[in-house]
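Numbering (UniProt numbering), first residue to last: 1 to 224.
Cβ coordinates follow ideal geometry from the N, Cα and C atoms, glycine included.
Below: the structure, in C-alpha cells.
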C-alpha cells in the first residue's frame with residue numbers, strides 16, 4: 001500500500017503552527033487553574049485538567065493527520081475536540097458546577113445531567129447554546145458525527161470519482177486523501193481553533209474565578 005502524499009500548503013502549515021500556539025496557551029491557562037503551591041483543589045479542577053489533556057492530545061493528533069492528508073481521521077478528531085469544548089462548557093449551565101463535576105467523575109454521562117432549568121445537557125442542546133457566537137456549529141457538528149461511527153460518510157470518502165454518463169465509479173483505497181483541496185484542510189483547522197477558543201475561554205474564566213475572595217465571588221454571583 002502506497003501512502004505517499006504531497007506536503008501541505010504554506011497556508012495550512014501556518015494554521016498548524018497557530019494550532020500549536022493555541023495548545024501552548026491552553027496549557028498556561030491550566031497552570032493558572034492549579035495556582036500556587038498549596039492552593040485548594042475542587043472537583044471542577046479535575047474536569048478542567050481532563051479537558052485540557054484531551055484537547056492537547058487531540059490537537060497533536062489532528063496536526064499529524066492533516067500533514068498525512070488523512071481526512072477521515074482529521075474529521076473524527078475535530079468532532080472529538082468540539083465535544084470536549086461543549087461538554088466542559090456545560091458546567092456553566094448548571095446550578096452547582098462542582099456537584100456537576102463530581103457526577104462526571106463518578107461516571108455519570110453528561111447528557112444524562114440537567115442544566116439549571118431542567119434540560120438535559122445533550123450535545124444538540126449544547127450546540128444550540130453556543131450557536132449565537134459560533135454559527136457554524138449546527139451544520140458542522142452533526143455532519144462530523146458520521147465520522148465517529150461507521151456510516152455513509154466513510155462510503156463517500158472511499159469514492160474518488162463517479163461518472164453518471166457511462167455509469168462508472170472509482171474507489172480510492174489509501175490512508176491518505178489526496179482529493180481534498182486546500183480549503184477543506186483550512187476548514188478543519190479553522191473549526192478546530194474555534195473549538196479551542198471555546199474551551200480556553202472557560203478554562204481561563206475558571207482560573208480567574210478561583211482567585212476571587214468569597215466576597216468578590218458572592219458579588220459576582222449577584223450580578224449574574
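Which listed residue (the options) has its alpha carbon closest to that of residue i
i: residue 180; options: 74, 14, 101, 61; result: 74
i: residue 12; options: 39, 64, 182; result: 182
i: residue 186; options: 58, 78, 43; result: 78
i: residue 23; options: 39, 54, 92; result: 54
i: residue 95; options: 119, 80, 82; result: 119
i: residue 64; options: 206, 188, 41; result: 188
i: residue 133; options: 105, 195, 27, 39; result: 195
Separation of residue j from residue i, as counted between CA atoms
i: residue 62; j: residue 68; result: 10 Å
i: residue 88; j: residue 176; result: 32 Å
i: residue 210; j: residue 33; result: 7 Å
i: residue 193; j: residue 19; result: 6 Å
i: residue 109; j: residue 122; result: 10 Å
i: residue 224; j: residue 71; result: Any answer about residue 224 is weak, because its pLDDT of 44 lies below 50 and its placement is not dependable; what the coordinates show is given next. Going from the Cα of residue 224 to the Cα of residue 71 covers about 42 Å.
i: residue 125; j: residue 131; result: 10 Å
i: residue 204; j: residue 116; result: 22 Å
i: residue 16; j: residue 7; result: 13 Å
i: residue 25; j: residue 168; result: 50 Å
i: residue 139; j: residue 29; result: 29 Å
i: residue 66; j: residue 47; result: 28 Å
i: residue 113; j: residue 141; result: 21 Å
i: residue 135; j: residue 103; result: 30 Å
i: residue 197; j: residue 191; result: 10 Å
i: residue 98; j: residue 21; result: 30 Å
i: residue 10; j: residue 83; result: 29 Å
i: residue 202; j: residue 56; result: 16 Å
i: residue 81; j: residue 107; result: 20 Å
i: residue 91; j: residue 45; result: 11 Å
i: residue 208; j: residue 14; result: 31 Å
i: residue 206; j: residue 37; result: 18 Å
i: residue 76; j: residue 49; result: 22 Å
i: residue 41; j: residue 60; result: 28 Å
Beta-carbon separation (whole angstroms), residue i vs residue j, contact threshold 8 Å
i: residue 144; j: residue 51; result: So it is not a contact: roughly 18 Å between Cβ atoms.
i: residue 43; j: residue 85; result: Not quite, the Cβ-Cβ distance comes to about 19 Å (not below 8 Å), so this is no contact.
i: residue 178; j: residue 5; result: 6 Å
i: residue 127; j: residue 93; result: Going by Cβ atoms, the distance from residue 127 to residue 93 rounds to 13 Å, so no, they are not a contact pair.
First through last residue of the alpha helix (DSSP H) which encompasses residue i
i: residue 23; result: 10-34
i: residue 71; result: 71-89
i: residue 104; result: 97-105
i: residue 183; result: 182-210
i: residue 51; result: 43-67
i: residue 130; result: 123-130
Residue i - DSSP class collapsed to helix/strand/coil
i: residue 114; result: strand
i: residue 223; result: Note on residue 223: pLDDT 49, under 50, position unreliable in the model; no value is reported.
i: residue 1; result: With a pLDDT of 49 at residue 1, under the threshold of 50, the predicted position of this residue should be treated as unreliable, though the coordinate-derived value follows. Three-state DSSP puts residue 1 in coil, outside helix and strand.
Chain D within 8 Å of residue i, Cβ atoms only
i: residue 86; result: In the structure shown, chain D does not exist; there is a single protein chain.
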